[in-house]
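Each remark here refers to the structure printed beneath this line.
Residue numbers (the working numbering), protein chains in the order written: chain A, 1 to 337; chain B, 338 to 661.
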């Protein structure tokens, strides 16, 4: 498909509609009243707008309609009465929510799980990136990167299953311990006490390699001349790491850290939901699973939606303020200022 | 391990290539920068050790799952569970799966949903991305904002469940595709690529009388093959891995379940099933091998697709980070 050949090839089949569009004068050219210019632009770009329609319809049905459906958080929603006939109850659902010990347990558990995961996970991809970057063999680097990135493309069901075959009862480790005379059964997968570590190690196994990519790009942007100058001045490896490499990674690290904070309340839904039956709600209940269990599983739709609305609103506030902070640090964040 | 000869003041007599040069070529080893000191042997050793551990931590679980799926009952009994050193391999578990039953059907269902879903998502994404790609076009900023808002806020699970149920989606396959069919993020990435298509190409097409459909199909798409392929593969992996949608919209009808749900079912009932596997001498195929075959089958399509995505995803991730 060479650049020059394409338009020429399409010439014989050009439809009349295409010709029409060329003859419509560009927006700036017609000096008529604003209304006519508006109409002309709409006519000129109608094909483009029609093209966005399928996506807009899908978002309207599966994005915006559920948003409107959140009014049910202020109702005592009943499946048979629907949104129109269900009785309004004001803030009763929220009153119940904020006095529910189960909700507060889920809330604090979410924050605890998030903090542990963030603190233990965050340095791993940075260390991995520095290690990979120091390799002189391009091929070896490529192979390692391919291997460590692979689990990113596994589902959490698969990741938990894989962990279960290694750390679960009758898993690889348990089998090994038993064959070496350890009689007490070993089951890391169902122990609520160590669940935070388990969840973190799953996250590291699945995502550390993927997160490395961004840091590797930042490392390759550091000018080798800096390293060279420092080395000539007598700086050893550790000093160069401390004064050149790490400062070079600071921008992207701060940015990712801040952006991650935006998802503090919504992270890990599937991961927790899959493991709730095994470790119990004491260890794995987060706000998202709390909303799902109350709303869908128990059929208490309005109550679950109230938890969902609380989550949605706090998340928007978190994400927007995280981006605000990112802008203060002079970074772009999710969107530009 | 990773060593190159330091620059030495040797006469410029060409050496005969030795085994070390072959290693250098095979591993594509770059020359160490002149200013960089050679690491001590201990550092090299520690580095090699860390790399080996990292690789093994990912490889061993995958290896033991595949090997166990290929093991005979005798090997499994000898190992007492998951197999590391197989004694005799057998394809019995896979034959059992192919010959029909829950897993074979689930595999076909998963492949079908992935194929149909990816095609549908790509059609919608490409059209929307092109529709918003022209600067100055009428209303594209409004459309963009309508889309962006859904990235920051959504109604949550329960209203979505009620909307899909009200549309008759409960236990229907379209409910596993339509609600997650558009990723606004993917549209925005693709839009950035489309917008960077050379303007003079598009202009010359327009002068030749091509309309927007033709420009998209004959100029923009052919020049954006790489990004199209990457996004298609991301969608495909998404559909293949999707699990929660099934739990939400198709929790009880196990005859319709895709693979991930079958896997989840095995996982959550694992404790009993492993016990019964240890006692399952009478069965022709060991239960544990069958379970591990299910896990393997879930992994394999990802492994097949992976090399194709892997070449591109650095670009994809960075583009997302920069232009998202």
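The C-beta atom is built at its ideal place from N, Cα and C for all residues, glycine as well. Since this is a predicted model, take the numbers as computed values, not measurements.
Check the Cβ-Cβ distances between residue 292 of chain A and every residue of chain B, and say whether any is below 8 Å.
At a cut-off of 8 Å between beta-carbon atoms, residue 292 of chain A makes contact with chain B.
How would you write the range of the alpha helix (DSSP H) that residue 39 of chain A sits in, first residue to last?
34–44 is the extent of the alpha helix (DSSP H) around residue 39 of chain A.
Step through the CB atoms of chain B and report whether any lies within less than 8 Å of the CB of residue 45 of chain A.
Residue 45 of chain A counts as touching chain B.
Please determine whether the Cβ atom of residue 356 of chain B lies at a distance below 7 Å from any heavy atom of the ligand SAH.
With respect to the ligand SAH, the structure offers nothing, as it holds no ligand at all.
Assign residue 528 of chain B to buried or exposed, taking buried as 16 or more other Cβ atoms, counted over all protein chains shown, within 10 Å of its Cβ.
buried
Apart from the five residues on each side of it in sequence, which residues of its chain come closer than 7 Å, Cβ to Cβ, to residue 328 of chain A?
In the same chain as residue 328 of chain A, and ignoring 5 residues on each side of it, no C-beta atom comes closer than 7 Å to its own.
For the candidate residues A/196, A/312, A/136, whose alpha-carbon lies nearest to that of residue 283 of chain A?
A/196
Please list, in chain order, the chain B residues whose beta carbon lies closer than 8 Å to that of residue 309 of chain A.
Against chain B, the beta carbon of residue 309 of chain A has neighbours under 8 Å at 493, listed in chain order.
If the criterion is Cβ atoms closer than 8 Å, does the pair residue 278 of chain B and residue 390 of chain B meet it?
No answer is possible for residue 278 of chain B: the residues shown for chain B start at 338 and end at 661.
DSSP three-state call for residue 324 of chain A: helix, strand or coil?
helix
Do residue 62 of chain A and residue 71 of chain A have their beta-carbon atoms positioned less than 8 Å apart in this structure?
Remark: C-beta atoms of residue 71 of chain A and residue 62 of chain A do not approach each other more closely than 8 Å.
Cβ neighbours of residue 355 of chain B in the same chain (closer than 7 Å, five flanking residues each side left out)
Closer than 7 Å at Cβ, skipping near neighbours: no residue.
Round the Cβ separation of residue 122 of chain A and residue 639 of chain B to the nearest angstrom and send it over; I've been treating them as touching at under 8 Å.
Incorrect: roughly 26 Å between the Cβ atoms, too far for contact.
For residue 539 of chain B, three-class secondary structure by DSSP:
helix
Give me the residue from B/372, B/368, B/360 with the minimum Cα distance to residue 228 of chain A.
Proximity to residue 228 of chain A across B/372, B/368, B/360 peaks at B/372, based on C-alpha coordinates.
Whole angstroms is fine: what's the gap from residue 297 of chain A's alpha carbon to residue 289 of chain A's?
10 Å
Sequence-distant residues of its chain with Cβ nearer than 7 Å to residue 106 of chain A (five each side left out)
285, 286, 287, 290
Check the Cβ-Cβ distances between residue 369 of chain B and every residue of chain A, and say whether any is below 8 Å.
Closer than 8 Å: yes.
Host alpha helix (DSSP H) of residue 298 of chain A (start-end)
Segment: none, residue 298 of chain A is in no alpha helix (DSSP H) and carries neither H nor E.
So which of A/65, A/57, A/314, A/94 has the shortest CA-CA distance to residue 75 of chain A?
A/94
Are the beta-carbon atoms belonging to residue 581 of chain B and residue 270 of chain A less than 8 Å from one another?
yes
Residues near residue 645 of chain B in its chain [Cβ-Cβ closer than 8 Å; skip 5 each side]
566, 570
Please check if any C-beta of chain B sits within less than 8 Å of the C-beta of residue 1 of chain A.
With a pLDDT of 35 at residue 1 of chain A, under the threshold of 50, the modelled position of this residue cannot be trusted; read the value that follows with caution. Answer yes: the Cβ-Cβ gap between residue 1 of chain A and chain B drops below 8 Å somewhere.
Within the continuous alpha helix (DSSP H) that includes residue 433 of chain B, where are the two ends?
429–435
Thinking C-alpha only, which one of B/594, B/642, B/418 is nearest residue 168 of chain A?
Closest option to residue 168 of chain A, Cα to Cα, is B/418.
Would the segment 395–402 of chain B count as touching the segment 133–140 of chain A if we require 3 or more Cβ pairs under 8 Å?
no
Same chain, Cβ closer than 6 Å to residue 423 of chain B, five either side skipped, listed in chain order:
Around residue 423 of chain B, the same chain offers 404, 408, 412 as residues with beta carbons nearer than 6 Å, after the five sequence neighbours per side are excluded.
Quick one, which residues of the segment 178–190 of chain A are near chain B if we go by CB-CB under 8 Å, in chain order?
178, 179
Tell me the rounded alpha-carbon separation between residue 557 of chain B and residue 539 of chain B.
Using only the alpha carbons, I get a separation of about 8 Å.
How would you write the range of the alpha helix (DSSP H) that residue 481 of chain B sits in, first residue to last?
477–489
If you compare alpha carbons, which of A/263, A/200, A/215, A/171 is closest to residue 416 of chain B?
A/171
Would you tell me roughly how many angstroms separate the C-alpha atoms of residue 265 of chain A and residue 294 of chain A, rounded to the nearest one?
17 Å
For the segment 498–529 of chain B, which residues have a beta carbon sitting closer than 7 Å to at least one beta carbon of chain A?
Of all residues in the segment 498–529 of chain B, only 498, 499, 500, 515, 516, 518, 519, 524 place a beta-carbon less than 7 Å from a beta-carbon of chain A.
Below-8 Å beta-carbon distance, residue 321 of chain A vs any chain B residue
no
Contacting residues, own chain, Cβ-Cβ under 8 Å from residue 488 of chain B (five flanking each side not counted)
521, 522
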